[in-house]
Each structure stands twice: as structure tokens, then as C-alpha cells.
Amino acid sequence: MDYELRTTDSGQMQARYRFSLVLVLLSILFSISFHFPFSISSFAADVKFDPKKWPIDIGAAVNSSPVLGDLDGDGSLEIVIGSDSNKVYAWKADGTALSGWPVSTGDSVRSSPALADLDGDGKLDVIVGSFDGKVYAWNFRGALIKGWPVTTGSVVYSSPAVGDVDGDQAPEVVVGSFDNKVYVWNADGTLLRGWPQSTGLFVYSSPALADLDGDGRPEIIIGSDNNRVFVWNGEGAALNGWPQVTGHVVPTSPAIGDIDGDGDLDIIVGSWDKVYAWDSYGKLKPGWPITTGSWATSSPALADLNNDGLPDVIIGTKDGKVYAWNGKGEFIDGWPTITDGEISSSPAIADVDGDGRLEVVVGSKDTKLYIWDMNGKLLPGWPQATEGTISSSPAIGDLDKDGNLEVVVGSKDHRVYVWSIPRTPSAGGPPAPGPSSIPWASFRHDPQHTGLYNTGQLSLAGRPLGRALDQTPRTTERGARTPARGTRTAESRPQTKEVIDDLTISDFTDTTVTLAWTAPSVKGNPAKFYDIRFSGEPITEETWEKATKYTTDLRPNFPNQKELFTLINLPSREKLYIALRASDGKEKTKLSNVVQLDRLDNVPPGAIKDLVALEKGEQIELSWTAPGDSGDEGTANAYDIRYSTKPLDEASWPKATEIIGEPKPLPAGTKQQFLVPKPPLEEVLYFGIKAIDEALNFSQLSNVATWTPQDRTPPGKIQDLRVESVTPEGITLDWTATGEDGSVGRGFRYDIRYSEAPITEANWSSVKNLVIGPIPEVAGTLQRFLVKEPFANKIYYFAMKAVDERGNESPLSNVLQVDTRDKVAPAPVKDLTVVEVGSDWALVSWTATGDDGAQGLASVYSLKYAEDPGVLEAWNQAQEAQNLPKPLPAGSKQEFRLLGLKSNVRYYVGLKVIDDTGNYSGLSNVVEIKTSDTLSPGTIVDLRVTGSTEDSVTLTWTATGDDGRTGKAAGYDLRYTTKDKLTKDNWGRAVKVTGLPKPAEAGTPETYIVRNLARDTVYYFALEAIDKQGNRSGLSNVLEVSTADTTPPMAVQDLVVLGTGADWIRFGWTATGDDKTEGRASFYVLRYAEDSQTVREWERAIEVPNSIKPGDPGSKEEFLIGGLKSNVTYYIALKVGDDRGNLSGLSNIVQARTADTINPAPIADLKITNSTEDSVTLAWTATGDDGRTGRAAAYDLRFTRGEKLTRESWALAHKVEGLPRPAEAGTVETFSVTGLSKGTPYYFAIEAIDNQGNRSGLSN
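Numbering (this note's numbering), first residue to last: 81 to 1340.
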């Protein structure tokens, strides 16, 4: 079992919709509501459904189910739904948010909202549970109602139901919680007396409200993980016969309705792989429970699909099926249906297309929403796909009062979807949807979430319907009313029975079982004792005596009284069958119904204690030691593996993300591993595992394994920390940002420090003067920062490190010395001069300036260059020269050879002078340098032939550049030889081609035709490119090419057919030559078609692959074409090809027909349609010429008298003459045989014959 069984249906506690009309009568505020989503306002809604506004993305998964209702009283329906974004949303049909919405809770909302008027203002309020353990209530403006939210002890998956459970004419709110309790609050948020009630385990299930005992007030019906279904009245007292025990957990929510028409309400719920139906006394209905074969993961819905006047049961299962049964537990025709994913969504049922028949709407985890008609057939255009799995249950209603129904559902792709379905038009437009057309509109049936199927009666606002059928207290067969609430007396039961047929198990432990039944009479007399027996095998009349007798002195009660008795010290085997009889000492009753106890395995698997998460490349490996099925013994059934970005514990476990595809558990003590992909976002993940046994016992949460992304790459070192300026305000620093990982990305923060002593890696941590720097920019960005400190007139040392999010620090930057005593910058150089220039260097000179203006000795030079003068003037982006000379005293001549330049490029060069405190001079005069060109054009490497004739060759190549593969070369030198291959050694002797075009830009395709060449001669070509300086490229690839041979072979004139078969034709011909009739050709091209014109058009005909090597001219050739269709005429021709690809003309075309070997199909439906005293009229369906296609040529009809006609007697049978020619296959044929004898038995049979004489088999 995976955890989604426990979270799907009740895990999304879907909600539904209801409208209210407010009436003020005698100062008492009532509202009357339909269980249908249609406003009964007197004005038309202005808001229209806008399909362009849907779906709406809310940024988080939508597991909650929508509810529809007119919150603001404007006559149109709003859509209300919760989400994993911790919010509840309310939209109008056009996609606009209702004013005041969305509203927030403290955690995810997978509960589904209910709608009811709690505060008595005549408007619907919204009530919903949250993972934060609270239940909220807001008015239509999104304001919390006084007294709300209220708090439970744990997560609230359950969806609230609203109704008047205590008869005080005011609504109460009912909901279950993960703290193992069911709560009931008054409308003001105070707990109702007698509540909460304990269930013993988690409550995923949502409550239903219905009047089961006929006292006019609804009871509360709900399932729990304690394998029970509970029924309480408003005071918290359990109804007689309840709770009922199932074999497994009950995460689904009950549906209530009279499914068998006996006048009493029935309770239907799913548990594991069974669907149960009990009457209101807790007695199983005949035909129930039903085993589905897979887990019932959605909640049941009720609707009359088969139009028999009674509601049917519809529910989805984990294997992707949707089932429908009638009240007897029999399948409805056409059901179950199937999808490609688990069904956790619960069905909604309505006549969505207005055809007068109901449709079933449900979502699937295959990402689609399905709509089937009452017969289980998909509606045209459905399913509709979303981009995520669907656990939300759909809601159906007419949002904008246009007569068409809309379907609303949420998806885990973070979107809420709405589709409008056109309804069948009538004379007055689309038929208005009414109560009977939407029998189950949404999750839990109606906006109040009663789960009660009804036929459209009205109810008091805030309270669900009391009785679904007649709204009257239930009466017994004697006509007596049910008395006090929660009690049932003998007078309220049917007449005395003389058989025990209601034996049930009301509770059990490992060694005890509590039985309940109704005391019978024995032949009209009270019973005197009971004979109770149990066995590990089924008990029948035949096995009764073998069963173990339970010794008891229990004295039977009066007939019709309820018996409750506990058997103790029973064997602890898992299965136990129990039955009993009553006796008066002489007579005994028949064997009771047999109850089966499937004892639960209450021992959960052991908790995993050694879970480890390790990074393995692009995956995370989880490893652990497998626990057992019971503690540390055996083998568990499944794992539930989850992760979260927050630390995991039992409270946060339901919100954690499930991992799909978990491995099956291995035997206890075995090491297991499981690989999961690393998430795209690098953040710490917390992993946990629970083991699950077959009885759905969950182990405790494992130890939590933490995976932290391993980022070991520090930011790159900042190498150009420098002073931009020193002012009284502070020191402005410049540097180039490095990345998060080396020089890539963006760092997280800077650590800037300064000291009066030099800073090193060794003393970095002890430097106390810390500066909070700016936020790092993208790597390569210049950053500037003012260090605002009261720097004294001293020398300071600055250094910095970049730090990433993981705390990795870059190496220490260059250490900057700043002398705050010196405020005078050196004077700028004004005579920067170019002395000499080479292909990749330039020599420049200048006159040194001083430290302060033109005085003293400067500290260092900064010489930069760029190809753009603007870049140089901007300075910081220009290229910095390395290894500059130290400044000489002011007035000295200095020079510098600038190396590493590109050839044939124009550069702009400038110089700044820097003193020992980092003061920069202004920019010098800028000089312009043009390096010489010594780069040759790139070598042409793709010289190729693209065409040739008998006296010319077309050459193609890609132009290279002036310098390597950039720019444009000045000319080409194309040469060729005819004997020796062209090389660098014989290049000077090769023939030079003249008239070549000027080279194009590098990368451009070039073409040139070399003419006046000799026919059928081998040439060797090569090419060089030349730039303006005479630099030549290397020799291109050498191309070997021959001038063309254009003489084709002679066409074959004597193609002849040599033989045919059912699927082949053999033909032959006389070989021609390479050049007409001279030499040997190279290949044949054979083609055929079913008409001669296609062969003449040649390329349209079918080519036959062949490997025939043509012989010498005049030799005989032949070939067989296979794989043909039988009984078809083919036209065949060929062409001859030489080694130059020249093709001959088309040969003569030959015609041949393959043999027909396919018989007509036997006639299988020969029958007599009429007979007289002397004639019989026969009828049959015509078969074809070949099997059941085409048209046969004739019929052979025969008959015998007295003896049955067989294949052995066929030749002696009487042949009927004058039959019609067969019609096309599939045509019904008739024929009358006359001249027969009265009262004589005849046997007829028939065969079909094609035009090749092939006969069908003998007919029937």
C-alpha cells in the first residue's frame, strides 16, 4: 500500500456547493437551500463564464475539492477551493477574485470548504479545515467570523459538514482530525456538549449527516483508521448497532441513501478493497460487501444511473476503475470503466449535456478528467487533460445562469480548471438544470457536505436534510414511531423472527469477540439457551458439529430484544468463523448467519533506525536495513518514503512530498538502497521512511536522514582590488566581481577588512575591522564601494574575500595599501609617443611625471589599450599591459614594448601614473597604433566537384579570410595537372587557371567552371588564397576529377515474359553495352506498375532492388520479381546504366498477369426465409472473389432429400440451375427453388466460384 490510499479521498476532503435564499419571517432568520448550485434570486447574474480566464494558476498543488455557491448574493455562483499554498480562494465565473479573497491559514488546505450561514446574516459563509490543526470560518467578504478559527489536536484532512445535530434551529460544524477525534462546534465556535468523541485512530474520513432513527435530527456518520464506521447522535451517544467493524482502515467518506427502496436509509462506505452497505441498524445489506480487487481510494456517490427509481453506488479504485452497482450489489450495464491512473477523486453525477440521461464525472491520477454516460461510454470530447495528477473531486453547476453546466476541478499542476458543456437546446434555449438533473453535484453531495442522497427537498438553512425520503420519523412494521433518540425498543422492530439472521461483530481484541444479534423465538416460544460455536473454517449445517462449542450460561432475552455478548479466551488465529442457534430445550432454530472475523495484525513493522542519504552523481542514494512485518520479523508489505525541505517529524509527515516508485521491502535485516533524482534547487532535504504491513499498520517514522548539497567550489579570487578615490568621507574601492563557483555565477556576500598592518591569509581571521560590503554582482561586473570610516592620516591595508551561500570563501584578494596622508595625484603624461610597430608589438615612449603633480617619484604605471577609443577612455574595461617599468624621477624619458597584440589591427593606447597611496593621474594623451599584417589567409580545405561535362569541371569551395579565416582575401591561384598528382613540389609546373573571381567574405561559398578540358580525362586541381600583402595560404586539398562520359548504353528492345506464378513473374532480355553497344554496362534499373502509363512515367513506377551485373553485349539475361499480388496484371520495363550513371532509354514494356489462387470465402449464413408446398426461398450474404472482397463469378447450389448434405455426398446432390450472378461481397442475396415435393425434408448447401475456377468451401 502506498500512502496515497490514506490521503486521496479523505486526504482531499472535497467540498461542494449550495445557494441560500434569505427569508425574514417573524424576526427569525431562516434560509432555504436547494442541494443544487442554482440561485433562486429574482435578478439575472451579470457575471458570465469566460473560458479564456481558465485555468487559473495559484502556484501550489490543488488537492482540495471545489464547492459552488452564491457567496455575495448577486445571483451567480462563485467557486471556492483550498490549496497547498495555505490559502482558500473564491472566484467568479469570469475568473475575477471575489473581494476579500483569497484568505490564509497557517498551513496547507486539503480539506474541502463547506458553505452555510453560520452568523445568520443571510449570506453563505465558508468553513474549512487546515493542516495547522484548525477549522476556519469566514464570511463572504473574507473576514473571520467571531469565535473562529477553532483548534483540534492535529492535522485536519477531513472536510467539515454543517447541520443542526442538536435540534436548536442553528447549525453546527462537524469534522474529524488526526488527533483521533471527531469534533462538533456550535455556530459561535464553542464545542457542543458531549464532544469531541474518540475514534481510536486517525480520521481521514469526512462526516455525513442524516436522520437514521427518525427523530427529526441528523446523526453523524464517519469512518476512521481504527477499521470502524461510527454513528452518533447530537449528544455524542452511539446509535444501537454501531460502530461497525470492517477488515481495514476507512479513509473514505460515507454516502447515505435508500439504495433498495425499503424506506430506510442505508450507509455506504469503502474500506480497503471492499465496499460496504449497512442498514441504519448496522446490518449488512444483502449482496454486500463487494470486493473490488483494488483499494477503494475515492468516496462513493449515489445516483439513479439505470432509471429504476433507486440510487446506484458509484466509486473509484486505485487500479484506475470506476464501478457502479445497484442496491443489490449487481453491476450496472457498461460498468466498471477504466482510466490510466488511480482514482482518488470522488464522482460527481449530473445530466451535463441536457440529453435527459445522467453522466458520471471523475478525475484520475493520469492527469485527465473523464465524463461517461450512464452506460459507461465516454462523452464525445472527453477526457480533458491537465498537466498534473488529479486528486480533487469535480463540482458541477451553472455558474452564470446561461442554462449550460460548468465542471470545476483542481489539479496538482497548481491550476483550477473550468469547462462549460453545451446542453441540448430546446424551443426556449438550453434547458435549465434542475434538482433531478444534478443528483450528486460535488464531493459530499451538497455545499453543506451532508453526503445524503435526496430527491431535491428543501431544508432549513445551516441544517442538512433530516430524511431523504419522506421527512418523517421512521416507523416500524406495526406503525409505531421511533421513541427516544439513540434507543430502539422491541416495539420499533419487525415482527418476531425464528432465525438469527443479524449476527454481527461489534468489537474484538486478540482473544475476545463481542457479538450482537436480535433474540429470536423458537416455535413461538422464548428461547432458553444459546449454542455458540466457532471454527477456523467456514461453518455450515454440515460442519456445525465439528465447530468448537463455546461454553456459556447466557440466558436468552425476550424475542426481538438486542443481545450483546463477549466471548473470551478465544484462539488468536487471524480468521475465525462464528455462528449460533437458539433452543427452548426441545426445538432449536436454524443455523444463524455466519460472521467472519479477520483479526487485524496490530503489530506494526519495526521502525527503520539507520536511514542514510548520500549523494551519488546526479542522484541521492537512500540506504537502510529492512524491518519486518511485525517488529523486526518477516517481510513488510510496502514503504512510504517522503522528503521535505524542513525537518521531518510525525506532525509534519503528512505534508512531506511522497516519492513514487519505492522498492518492495526485502526480508527483515536485509540492506536496501533506493536512488532518487537530485532536485533542481540545491537546498537541504530531510528524508524519512515508514514501513507498512498487509494490515496497513504503519511503523514509526524512521530516523531522519539529511542531505546537504555538496558545494565545495569557492568563489574566484578578487585580483584587482584598487582605490578609486580617497576623500574626507572615506575610501572608495573598485574591483571586478568573481562568481559563486570560481568565475561563474554570482557570490552571496563580501567580507571586506582593513588594518594598519599588512594583511595575509595567516592573520586574516584576527583582523578586527570588518566592513559589510555590497551585494555581489554577476561575475565580471565592476563594483565600487565607499568604506565610510574616520580614517586617520595613516597607511591602511585593505583586502577582501567573496563568500558563497554555502560559506565557501575565495582566496584572499590582492592586498591594497592606502596612504590617507597623500591627497595629491601624479600629473598626467602628455607626450606618449609611438616609436616603432611590429606585427604583434609596439614600442611607446613618454616623459615621467612625479608623485605629486610633476614633483617626486611615482610608484607605478597603468598602461591600457583597446580597439575602441571609447573603451579606452572608460578605462576599466580596457586591456591592462603587464610588466611595465617602474617610474623614473620626474622628467626622465621612459619607453615600453607592448606585446601580445593582434596583427593588422588598430589599437588606442593610454597611460596613467599612480603614486604609492593609490592616487591615479588623469589619462595621458591617447596614441593610435596599427600593427603590420603577417597573417596568411586560411587554407581552403573543402575544394570539391559539383558538376562535370565532357570538356568542363565545376568546382566549389568556401572562401577563407585575409587573416586566417576572417576578412576577405585579395585573390585566388587555381592550378591543375593531368598526369601526376598535384603537390607543393610540382605546383610551379602546374597549369594556372585564369579569370577567377575576386574572393568573397570568409565563409562564403564560391563556384568556378574550368572550361576547354579534354573528354574523359583525369585532372588534379588545387587552390591557394592570397592577401593584399602577398601572404599565401597553404595548398588546398587536392581534388581528383574526370571529365564526363555522356554516352549512355543502348536501350533493351527484346524484354520478354518467361513465366508467371501466384506472386512472381520471370522475364528475360539481351544485354546491350556501356556506350550504346560497346563495352559492358554497369547496372540495371527494373521497375513495374499495374498500368503501362505509370511505367512510362518511370519515377512513379515501383523499383525492384537487384544486384544483376550486366554481361557482355549480346548475352542473355533473366530475372524474377517476387512478392506480387495474385491475379493482377503488371507492366514491366528496364533501363541500362553505365559507370558514369548514364541511363539508356526505356526498354519495350511487357505485360503479365499473376495467377489467382485465392478462393472465395465460404457462405456461413445460408437460411430459409419462406417456404410453400413446392418451393423454398433461400437467403445468404454474398462473399467475394478473393475471400470476402470483390465479386465471385458464379454459385453452385445443391440439395439432397432425406439425407443431410455433406462434402462426401456433394457430387451426387441435385444441382439447381438458373442461379443469379453473384453480387458484390456483403450483399444479401435471395433465390427461390421451385418444383419441390410436399412434405419432403430437403438439405441445401451452396458454394461460390471465382473466374479462375477456385471454389469456396461448402456453406452451412
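Each residue gets a CB set at the ideal place from its N, CA and C atoms; glycine is no exception.
Closest residue to residue i among the options (Cα-Cα distance)
i, options, result
"E625", "P636, P1190, D611 and A785", "D611"
"G436", "T504, E621 and T1127", "T504"
"A267", "D246, V283 and D1065", "D246"
"E1297", "G1315, G1306 and A1303", "G1315"
"D995", "F220, T594 and V806", "V806"
"T1280", "A1273, S1289 and V242", "S1289"
"D346", "P334, D353, W352 and K354", "P334"
"E695", "A1105, T628 and F754", "F754"
"P743", "A731, T705 and F609", "T705"
"L157", "S145, A173, G741 and N166", "A173"
"V255", "A223, P193 and K203", "P193"
"K132", "L151, T176, D338 and V168", "T176"
"L981", "F1163, G918 and S1016", "G918"
"K128", "N306, D590, R221 and L479", "L479"
"A1244", "T1263, S1227, V1230 and D1254", "T1263"
"W733", "I394, G741 and I721", "I721"
"E1327", "P1302, L1277, T1320 and T786", "L1277"
"W375", "S846, D392 and G421", "G421"
"W51", "E467, L1223, L1076 and L1062", "One cannot answer for residue 51 here, as it falls past the ends of the chain, which runs 81 to 1340."
Residue i, buried or exposed, once every other Cβ within 10 Å from all chains shown has been counted against 16
i, result
"S1344", "With the chain covering 81 to 1340 only, the question about residue 1344 has no answer from this structure."
"S379", "buried"
"V487", "buried"
"S500", "buried"
"V915", "exposed"
"V1208", "exposed"
"L204", "buried"
"T725", "exposed"
"H525", "buried"
"T591", "exposed"
"F1324", "buried"
"V440", "buried"
"K966", "exposed"
"G1225", "exposed"
"I108", "Only weak support exists for where I108 lies, its pLDDT of 26 falling under 50; the coordinates are left without a value."
"D884", "buried"
Per DSSP, the bridge partner or partners of residue i
i, result
"Q324", "V309"
"V1021", "Per DSSP, none; premise fails for V1021."
"R273", "Its beta-bridge partners do not exist; DSSP assigns none."
"L978", "A922"
"G1068", "Beta-bridge pairing links G1068 to no other residue."
Whole-Å CB distance - residue i paired with residue j, under 8 Å assumed
i, j, result
"P1382", "Y830", "With the chain covering 81 to 1340 only, the question about residue 1382 has no answer from this structure."
"I423", "V442", "6 Å"
"S473", "F411", "Contact flag wrong, Cβ pair sits at about 23 Å."
"D1154", "D1218", "5 Å"
"H328", "W352", "3 Å"
"V781", "L728", "A quick correction: the sequence has Leu, not Val, at residue 781. At roughly 7 Å, the Cβ-Cβ gap stays under 8 Å, so L781 and L728 are in contact."
"G810", "E763", "Going by Cβ atoms, the distance from G810 to E763 rounds to 38 Å, so no, they are not a contact pair."
"K608", "P636", "7 Å"
"N673", "D581", "5 Å"
"G822", "G796", "5 Å"
| message | Between the segment 259 to 269 and the segment 298 to 311, can you find at least three pairs of beta-carbon atoms closer than 8 Å? | response | Judged by pairs of C-beta atoms under 8 Å, the segment 298 to 311 touches the segment 259 to 269, as three or more such pairs exist.
| So, do the segment 1118 to 1127 and the segment 1013 to 1033 have three or more beta carbon pairs nearer to each other than 8 Å? | Inter-segment contact for the segment 1118 to 1127 and the segment 1013 to 1033 is present: three or more beta-carbon pairs are separated by less than 8 Å.
| the segment 928 to 940 in contact with the segment 889 to 906 per 3-pair CB rule at 8 Å | Judged by pairs of C-beta atoms under 8 Å, the segment 928 to 940 touches the segment 889 to 906, as three or more such pairs exist.
| query | Does the count of Cβ pairs from the segment 955 to 962 and the segment 1085 to 1102 closer than 8 Å reach three? | reply | In short, these stretches do not touch, since the Cβ pair count stays below three.
| query | Quick check: the segment 1009 to 1018 against the segment 949 to 958, are there 3 or more CB pairs under 8 Å? | reply | Inter-segment contact for the segment 1009 to 1018 and the segment 949 to 958 is absent: fewer than three beta-carbon pairs are separated by less than 8 Å.
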